[in-house]
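Right, one structure below, let's go through it.
Number of protein chains: 2
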Amino acid sequence: MEFAVHIATPKLDGVILHGPFHEPVDGTLCVSGHHLILSSRKEHVQELWLLHQSVDIVEKRPNGTNSNYQNGGTLILKCKDLRILQLDIGSTEEFLNVYASIERLSNLDSPLSLYPFFYRPMYNIIEDGHTLFSLEMEFAKLLASDDWRISTINKDYSVCPTYSANLLVPKAIDDETILAAANFRDGGRFPVLSYRHENGAVLLRSSQPLIINNRRCRADEKILNHFLGINKKGYLIETRSPNMVAACKAKGGGTEPDEHYPQWRRIYKNLDRIANCKGLLLDSFQKFMDACNDTNCTPDKWISRVDSSNWLTLIQNTLNAACFVAQCLDKEGASILVHGSHGMDSTLLVTSIAQVILNPDCRTVRGLQALIAREWLQGGYPFQTRHGKFCYSNMRNKNQQPTFLLFLDCVQQLHYQFPCSFEFTTQMLIILFEHSYFSQFGTFLGNCDADREKMEIARKTTSLWSYLNRPDILTSLLNPVYEPNKCAIWPSVAAVSLNIWGELYHRWIIDQSHQKKAMNRIHTLVQNDKKMRSKVIKLRNELLDLHRKYSQLNEELDDTEIQNVGNQA
Amino acid sequence: MEFAVHIATPKLDGVILHGPFHEPVDGTLCVSGHHLILSSRKEHVQELWLLHQSVDIVEKRPNGTNSNYQNGGTLILKCKDLRILQLDIGSTEEFLNVYASIERLSNLDSPLSLYPFFYRPMYNIIEDGHTLFSLEMEFAKLLASDDWRISTINKDYSVCPTYSANLLVPKAIDDETILAAANFRDGGRFPVLSYRHENGAVLLRSSQPLIINNRRCRADEKILNHFLGINKKGYLIETRSPNMVAACKAKGGGTEPDEHYPQWRRIYKNLDRIANCKGLLLDSFQKFMDACNDTNCTPDKWISRVDSSNWLTLIQNTLNAACFVAQCLDKEGASILVHGSHGMDSTLLVTSIAQVILNPDCRTVRGLQALIAREWLQGGYPFQTRHGKFCYSNMRNKNQQPTFLLFLDCVQQLHYQFPCSFEFTTQMLIILFEHSYFSQFGTFLGNCDADREKMEIARKTTSLWSYLNRPDILTSLLNPVYEPNKCAIWPSVAAVSLNIWGELYHRWIIDQSHQKKAMNRIHTLVQNDKKMRSKVIKLRNELLDLHRKYSQLNEELDDTEIQNVGNQA
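Just so you know, the sequences run in chain order A and B.
Taking the numbering used here, the leading residue of the first sequence gets 2, the next gets one more, and so forth.
Taking the numbering used here, the leading residue of the second sequence gets 2, the next gets one more, and so forth.
Right, dumping it as structure tokens:
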């Protein structure tokens, strides 16, 4: 891949950068294959290093009249981290060159030309994040029992292209049954284990069944009923509304026919806007961000725009569905299958939030990473497709949607309501959000394990987890008020309880340095506390040591005196 | 005052209390002169002690049909601290008795029969809050200069019934001028000093002039121009809109005629809803609380209800006006007079918020107390009238309005944006809110100093400040991340920056125990830090001490050994 062809103006003096919370900066712009760099060469003025990949859309506003402009113009860079930057360029030729470069380099087709394949970390990797969350490690306890096994039936990704090569399945279910069930489900996504609760109830997820000519699939029924045992009842959580299910039926999809799943009770959860993947979710978020970015709004207009964006309602509906699932598992000990259409958006959202509610492990740093690795990455959430463009772009397609951001926002809501129950700060969630859209790391590249294997992600890129788990990075993301809490955390889902995640959505609009300072002060207190404790221990030991020496010396002195007296005598 | 006549049922078993965040409690209800007490006599179940004065409205819902009920009923107590409680009473007679008692005792006419006149603190008062914030103390620096004096012209409250007996006035202004100016202003509230900025610019407040037959008042002009000096310009901040000013003119009020105040530039700030005092502000807050209390709302409905309440818009408008005032003072060094109609609601709101923005002292515990003492209490804000009823009551009149709560909410907004710049936590603001509506302390009784003098508040009641400044109480209200900040704090007034004060408004609706736990953990860290520091110092001293002893002993040993050798030799 040769980037130079896209870079007509690699270096340009006298470019003026306008960005949030700083005075305009006059500097030299450098366009490299992966970065846009603006350097003023002044002390105390930070250089701007922007990954081309982070630009959602670049808009050009020439100076002067449109038909015959000669005086350069302004580039507006709207970034996937929600920041909006502006570059003033004096010459029209250079202005157009730089525009073309950013436009081209921020829209490269092949993932293989992205920065993660070129980035080399400047530190030693202590623990390779690419191999950190293997199936064997994550489900070691279950595999140690006699009930589960690892099937390699999907080793060439032919059974289900979006699942992993290795799959955890019950020992009682043979590979033929799996193959048959996979044929019955959309994209081969047959029911697999998401989470086994401490009471033994299991949370399963899949895609919709393909109901052609009302056919049934005994293999699918067998798998599901295996989890229930005799006479027990389970819940089928249908993330779509009956109307949407009917519409999907017309296209060969649908939901499990009641008569063949008598032990399962169906509950509809209206997450159509998420399950549908027709751009509605991204539209919601776009409206929401437009309201946030309009700082001249009056409170009533701002409120009504936030309202009409529906973003908060989507959060409430998601939390509601996840709470329902968590309650069935925890209170009723009932097993549960969750699915919508493709088993990728609303499905993963509900199963993963239910786990954060129930499972204290998911509220630790490593546990959250493992949850994302298991449910979202190995679960085949198509990051490359979904995160191709974000809320500012006008080149969006319907397959792009911020389901993963909705997941992070829901975790943030739980964090807001239970601030002591999470090992990490919400800053960690913001980092995850950013790296899922653009990154120097390979973790979120591709759409599924098959893609990542083909691209040799593990060999050719660095893992985000390797970076995040470095002690100095990790320490800064630890929640100073964390107190491990073994219980489920049941959130309030009332509208008044919902928190607009200003720390993320308003960070380029409202100066949050004072809030950050408060957080830093608390961090410093925790660090001091640790230092002081070790200092106290050290001083105590020194004191003990000296006491001992003192006593010895005292004895010595006594002896010498006795001897002395003896001598004198 | 005999309360017994209002208490037909002083004690009643088997009453069931329903309240926020606890199971129903079956207990004995006691009705005393000032309290409603419910005790279950069970361990771990807290007794309810409710001041009658804290009940905003009591509603009775008899069991059975309305005309012929025999089975008691339910009393709904809606309290001024925003809590809603429910008492189930089995017998109809007792049910009606208790209802009548609460109804009567929560609506006593005379302030002299209120609890503060009966309450005796169980602790020694170290520093009497009643005398803590005298004019002489507060303006000691100004009085030390040659420019200011204390006038006693109002010693019998005849010049201005709502101002204090002692008044700070410029030395250059004699008492006759003051008298004349007072005659020209609504309620005698002639221009007085609110705050003198470090650059010498002054913030003044008054009521509207009484413009009858276009008369002018040279005394008033003299006072105002005195603060400007020659050739300087000042701002008249009119908190009302031109329309409202016109309406007030028709009733003998109005605003300063431009031709007689040529050095002053008038700026209109549309705080009509606050300045008007026709119940609009309380209506806004009522709508806002109704939305908060309706937990079954969907986010869109909740948002549109919060929106239509206008509460956030009122906060934004107030912050806007206060920021404008603060900017004129700080950036332009211009002096400012603020007034609306009576100089009591919008006026005090704007002058006091401007001070919190500019003056770091106001962001300390003592400084906030002093600000409230100066601007609100000595400034004659009619707490007794304004706080007679609150948002739940249906017996409200137009003189009741929560301007002081709006002030506290604005301070909260500043605290939210500058969390390190305040010595106190927002819990302090909640305590101030509560005690301004009902209290065991006399601080907020009466409408002005004249009232409080007549009632002998200082002699007969305890001051809230005496209580708050006790070390154990104070410590719990200190902000663990406080870092004194000598600068002005310029808030963002964009709608996205506004924070719904859930800590106060949602505290009986949403369980906030987890947020409190986080705060407590930070408090503990600060306490530990202090303890550890003194422990380290103690250990170091011990170590030094022992080192010294050890050296001495070593020397002694050397001496003894030399002597020994000498002896042997």
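Cβ atoms here follow ideal geometry from the backbone N, Cα and C, with glycine treated the same way.
These numbers were taken from a predicted model, which means no experiment stands behind them.
Start and end residues, alpha helix (DSSP H) containing residue i
i	result
residue 468/B	465-469
residue 40/B	Looking at the DSSP string, residue 40/B is not in any alpha helix (DSSP H); the run it does join, the beta strand (DSSP E), is 36-40.
residue 368/B	366-372
residue 241/A	From DSSP, residue 241/A is part of no alpha helix (DSSP H); its letter is neither H nor E.
residue 229/A	219-229
residue 460/A	458-461
residue 136/A	136-139
Proximity below 8 Å, CB of residue i to CB of residue j
i	j	result
residue 105/A	residue 509/A	no
residue 35/B	residue 124/B	no
residue 152/A	residue 176/A	yes
residue 1/A	residue 235/A	This structure leaves residue 1/A out entirely; chain A is present only between 2 and 570.
residue 513/A	residue 450/A	no
residue 502/B	residue 410/B	yes
residue 554/A	residue 554/B	yes
residue 207/B	residue 338/B	yes
residue 1/A	residue 165/A	What the structure shows of chain A is the stretch from 2 to 570, and residue 1/A is not part of that stretch, so it cannot be assessed.
residue 360/A	residue 196/A	yes
residue 170/A	residue 186/A	no
residue 353/A	residue 312/A	no
Helix, strand or coil at residue i according to DSSP, with G and I counted as helix
i	result
residue 56/A	strand
residue 390/B	coil
residue 425/B	strand
residue 357/A	helix
residue 130/A	helix
residue 414/B	helix
residue 236/B	strand
residue 473/B	helix
residue 267/A	strand
residue 296/B	coil
residue 93/A	helix
residue 50/A	strand
residue 1/B	One cannot answer for residue 1/B here, as it falls past the ends of chain B, which runs 2 to 570.
residue 252/A	coil
residue 502/A	coil
residue 308/A	helix
residue 61/A	strand
residue 210/A	strand
residue 203/A	strand
residue 149/B	strand
residue 31/A	strand
residue 438/B	helix
residue 430/B	helix
Per-residue burial, residue i [other beta carbons within 10 Å of its own, 16 or more giving buried]
i	result
residue 239/B	buried
residue 497/A	buried
residue 504/A	buried
residue 396/B	exposed
residue 488/B	exposed
residue 192/A	buried
residue 528/B	exposed
residue 201/B	exposed
Segment limits, beta strand (DSSP E) that includes residue i
i	result
residue 339/A	337-340
residue 74/A	74-80
residue 12/B	12-19
residue 450/B	It is not in any beta strand (DSSP E) - residue 450/B instead sits in the alpha helix (DSSP H) that spans 450-455.
message: Output needed in chain order: residues of the region 550-568 of chain A with a Cβ under 9 Å from some Cβ in chain B.
response: 550, 551, 554, 555, 557, 558, 561, 562, 564, 565, 568
Members of the region 512-531 of chain A near chain B, C-beta cut-off 8 Å: For the region 512-531 of chain A, which is checked against every Cβ of chain B, the residues closer than 8 Å are 512, 515, 516, 518, 519, 522, 523, 526, 527, 529, 530.
query: Between the region 279-304 of chain A and chain B, which residues of the former have a C-beta closer than 7 Å to a C-beta of the latter?
result: 293, 296, 298, 299, 300, 301, 303, 304
- prompt: What residues in the region 247-279 of chain A bring their beta carbon closer than 7 Å to a beta carbon of chain B?
  reply: none
- prompt: Any residues in the region 414-426 of chain B with a beta carbon nearer than 8 Å to a beta carbon of chain A? Which ones, in chain order?
  reply: 418, 419, 420, 421, 422
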